[in-house]
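Structure, as structure tokens:
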Amino acid sequence: MDSVKNKAEAGHGPLAGMRVIELTSTVAGPFCGRLLADFGAEVIKIEPAEGDAVRSMGERQDGRSLYAASILRNKKLIALDMRRREAQMLLRDMLREADVFIENFRPGTMEKWGLGYDILSADNPGLVMVRISGYGQTGPYSQQPGYGVTSEAISGLRDLTGDPDRPPARVATSLTDYITGLYAAFGAAMALIERRQSGKGQVIDAALYEAAYSFVEPHIPAYAALGSIATRAGSRLPGHVPNNLYPTADGRYVQIVAASDSIFRRLLRAMQRDDLIQDVRFDTPAARAQHPDAMDAVIGAWTGSLALADLEHLLAENEVPAARIYNIADIFSDPHYQAREMLQQASSEEFGTATVTGIVPKMSRTPGKVGWAGRAVGSDTHAVLTDLLGLTPEQIAAMQQAGIIAGRR
């Protein structure tokens, strides 16, 4: 393993040379750290001896988490018992030499441990502290426990998800956690850019509910000006017609987006229904938006008469934006995913190799990289404490025996 003494050895990419300490659990924090690691930062993740909660999520192979193999990739993993004062002081020592610190404990926990930003920035004025929580570091809800799904409920996003005649649905992934992790990484990157001028770090306050709420953007001015309360619309996008799922003759579905006049005319050509442009219900985008049921009925009757493959051919031939609804098997067999390297093989101590998602976004000169899959709890404890803090084998052995740290030699 590369020495952690030289941060530049941690990876290549735009964040090479940056050292990140990640003290987070579940999804939002680990995803934030994973993004930074993908683009070259040296990310040292701290877990309890029993492992991050994310290790209990998702499918398992031979008793090991496949999810953890992906979201903990490219990270050096150490295990500390953060309830112990000695571990808290180890963290403080590590943060003296860090560029970014990511934490997602309930607001006030770091201060209780003597690790508030006032203390950490006195040790290291350039430190960027990323704080992820359900409801933010301030405000009346700040002390409430918050998970992505409950924060999503408060954000208003959940109320817009699903069909109008059913209770609000959820996307079968930790959507709000991922949104928040992305904002948190974005905030960290902006703070590092600003630090070049000021030499000073700052605090990034990333709240789960606010990250989800930001996706409700079009409905905020509409309510303020008109009192309009958005409702669930199923697979439609209200006010943008046609933009919906349509059935095929062989029991599949295709998403068609043709709201603009130019694309709508191409759709009519594919349907051999140029006459519809003379229908006052469909002759302008505004008119179509007022008659979504009639529009969808016409298009659905056409798509329902064709097999998916024939429909895809006609839509592509006429340059109409459309796509079948992919499942995971479709993704693995799709040549575009392969060409864009969105299914990558990561070397894994536990699985040999693990297939993980590729790098997003693509960068032409300083691309990200998948180096290795997530490893076992505490895989790098001894190496990090030796190389970063200069602890002796005897000191490390004593702390492990006392239960302050965990990991393999």
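Residues in the sequence shown are numbered from 0 upward in steps of one, following numbering that gives the first Met the number 0.
No residue lacks a Cβ here, since even glycine has one placed at the ideal position from N, Cα and C.
Distance, T23 Cα to T352 Cα: Locating residue 352 in the sequence shown gives position 353, where the first residue counts as 1. Locating residue 23 in the sequence shown gives position 24, where the first residue counts as 1. Rounded to the nearest angstrom, the two C-alpha atoms are 25 Å apart.
Length of the line joining the Cα atoms of S409 and R407: The structure shown does not extend to residue 409, since the chain is modelled only from 0 through 408, so no value can be given for it.
From G200, A221, R169 and G198, residue whose alpha carbon lies closest to that of A211: Residue mapping note: residue 211 aligns to position 212 of the sequence shown, counting from 1. By alpha-carbon distance to A211, the top candidate from G200, A221, R169 and G198 is R169.
Those runs of the alpha helix (DSSP H) which lie wholly inside the stretch 160-210 and span at least 4 residues: Those alpha helix (DSSP H) runs which fall completely within the stretch 160-210 and span 4+ residues are 174-197.
Distance, D92 Cα to L126 Cα: Residue numbering aside, residue 126 sits at position 127 when the sequence shown is read from its first letter. Residue numbering aside, residue 92 sits at position 93 when the sequence shown is read from its first letter. Answer to the nearest angstrom: the Cα atoms are 13 Å apart.
Boundaries (first-last residue) of the alpha helix (DSSP H) holding G299: If you number the sequence shown from 1, residue 299 lands on position 300. For G299, the enclosing alpha helix (DSSP H) covers residues P291 to T302.
Between the CA atoms of D386 and L89 - distance to the nearest angstrom: Taking the first residue of the sequence shown as 1, we reach residue 89 at position 90. Taking the first residue of the sequence shown as 1, we reach residue 386 at position 387. L89 and D386 have their alpha carbons spaced roughly 13 Å apart.
Exposure of N326, with buried meaning 16 or more beta-carbon neighbours within 10 Å: Counting from 1 along the sequence shown, the entry for residue 326 is found at position 327. Exposed.
Buried versus exposed call for V279 [16 or more other C-beta atoms within 10 Å across all chains shown]: Start at 1 with the first residue of the sequence shown, and residue 279 comes out as number 280. Flag for V279 reads exposed.
Local conformation of K44 per DSSP, three classes: The count along the sequence shown starts at 1 and reaches residue 44 at position 45. DSSP places K44 in the strand class (E or B) of the three-state scheme.
Helix, strand or coil at K111 according to DSSP, with G and I counted as helix: Looking up residue 111 in the sequence shown gives position 112. Here K111 sits in helix by DSSP.
Those runs of the beta strand (DSSP E) which lie wholly inside the stretch 7-72 and span at least 3 residues: The qualifying runs are 18-22 and 41-46.
V26 and G147 closer than 8 Å at C-beta: Numbered from 1 along the sequence shown, position 27 holds the residue referred to as residue 26. Numbered from 1 along the sequence shown, position 148 holds the residue referred to as residue 147. Contact flag set, yes.
Straight-line gap, C297 to T247 (C-alpha atoms, nearest Å): Translated into the one-based positions of the sequence shown, residue 297 becomes position 298. Translated into the one-based positions of the sequence shown, residue 247 becomes position 248. Contrary to the premise, residue 297 reads as Val rather than Cys in this sequence. Answer to the nearest angstrom: the Cα atoms are 13 Å apart.
Rounded separation between M341 and R59 - CA only: Reading the sequence shown from its first residue, position 342 is the one you call residue 341. Reading the sequence shown from its first residue, position 60 is the one you call residue 59. Spanning the alpha carbons of M341 and R59 requires a straight line of approximately 22 Å.
Option nearest A257 by Cα separation, candidates A223, G250, R231 and A285: Counting from one through the sequence shown, the residue named residue 257 turns up at place 258. Looking at the Cα atoms, A285 is the closest of the given residues.
Integer Cβ distance of C31 from A183, believed to fall under 8 Å: Counted from its first residue, the sequence shown places residue 31 at position 32. Counted from its first residue, the sequence shown places residue 183 at position 184. Yes, C31 and A183 are in contact; Cβ-Cβ is about 4 Å, under 8 Å.
Validate contact between the stretch 149-165 and the stretch 203-219 using beta carbons, cut 8 Å, 3 pairs: Proximity of the stretch 149-165 to the stretch 203-219 meets the contact definition, three or more beta-carbon pairs being nearer than 8 Å.
Cβ-heavy atom distance, I101 to the ligand NAD, below 7 Å: Ligands displayed in this structure: none; no statement on the ligand NAD is therefore possible.
Selected residue, minimal CA-CA separation from G198, among L156, P124 and P139: Along the sequence shown, one-based indexing puts residue 198 at 199. Comparing C-alpha distances from G198 to each of L156, P124 and P139 shows the shortest one belongs to P124.
Reduced DSSP category for R251 - H, G, I as helix; E, B as strand; rest coil: For the purposes of this step, residue 251 is identified with residue 252 of the sequence shown, where counting begins at 1. Residue state, collapsed to three classes: coil.
Separation of R235 from P220, as counted between CA atoms: Numbered from 1 along the sequence shown, position 221 holds the residue referred to as residue 220. Numbered from 1 along the sequence shown, position 236 holds the residue referred to as residue 235. Going by the C-alpha atoms only, they are around 20 Å apart.
Straight-line gap, S2 to H312 (C-alpha atoms, nearest Å): For the purposes of this step, residue 2 is taken as the residue at position 3 of the sequence shown. For the purposes of this step, residue 312 is taken as the residue at position 313 of the sequence shown. Low per-residue confidence applies at S2: pLDDT is 39, beneath 50, and the placement is therefore not dependable, though the value from the model is reported in the following sentence. Spanning the two alpha carbons is a distance of roughly 54 Å.
For E318, the three-state DSSP class (helix, strand or coil): As a working mapping, residue 318 is identified with position 319 in the sequence shown. Coil.
Of the listed residues V99, L159 and G28, nearest to S132 (C-alpha basis): Taking the sequence shown and counting its residues from 1, the one referred to as residue 132 is at position 133. Comparing Cα positions, the closest option is G28.
Three-state secondary structure (DSSP) of M270: Here the question's residue 270 lines up with position 271 in the sequence shown. Here M270 sits in helix by DSSP.
Candidates G145, G303, R82 and L267, of which the one nearest L114 by Cα: Start at 1 with the first residue of the sequence shown, and residue 114 comes out as number 115. Of G145, G303, R82 and L267, the residue nearest in Cα terms is R82.
Reduced DSSP secondary structure (H/G/I, E/B, other) of G351: Within the sequence shown, residue 351 is the residue found at index 352, counting from 1. Strand, per DSSP.
DSSP-derived helix/strand/coil call for R408: The residue given as residue 408 occupies position 409 in the sequence shown. In the structure shown, R408 adopts coil according to DSSP, grouped into three states.
Meets three-Cβ-pair contact criterion under 8 Å: the stretch 65-82 and the stretch 370-387: Yes: the two stretches touch, three or more of their Cβ pairs being nearer than 8 Å.
Residue of F350, A48 and A97 minimising C-alpha distance to L14: Working through the sequence shown from its first residue, we reach residue 14 at position 15. L14 has its Cα closest to that of A97, out of F350, A48 and A97.
Strand pairing of A345, partner residues [DSSP]: The residue given as residue 345 occupies position 346 in the sequence shown. Answer by DSSP bridge pairing, in chain order: A353.
Exposed unless 16 or more other CB atoms sit within 10 angstroms - verdict on T172: Here residue 172 corresponds to residue number 173 of the sequence shown, with the count starting at 1. By the neighbour-count criterion, in which a residue is buried when 16 or more other Cβ atoms sit within 10 angstroms of its Cβ, T172 is exposed.
Within 8 Å, strictly: CB atoms of D37 and N73: Start at 1 with the first residue of the sequence shown, and residue 37 comes out as number 38. Start at 1 with the first residue of the sequence shown, and residue 73 comes out as number 74. Yes; because the gap between Cβ atoms is below 8 Å, this pair is in contact.
Short Cβ contact (8 Å threshold) for S347 with A68: Locating residue 347 in the sequence shown gives position 348, where the first residue counts as 1. Locating residue 68 in the sequence shown gives position 69, where the first residue counts as 1. At a Cβ-Cβ threshold of 8 Å, S347 and A68 count as neighbours.
Closest Cα partner of G303 within the set I330, D249 and Q289: Taking the first residue of the sequence shown as 1, we reach residue 303 at position 304. Cα-wise, what sits closest to G303 is D249.
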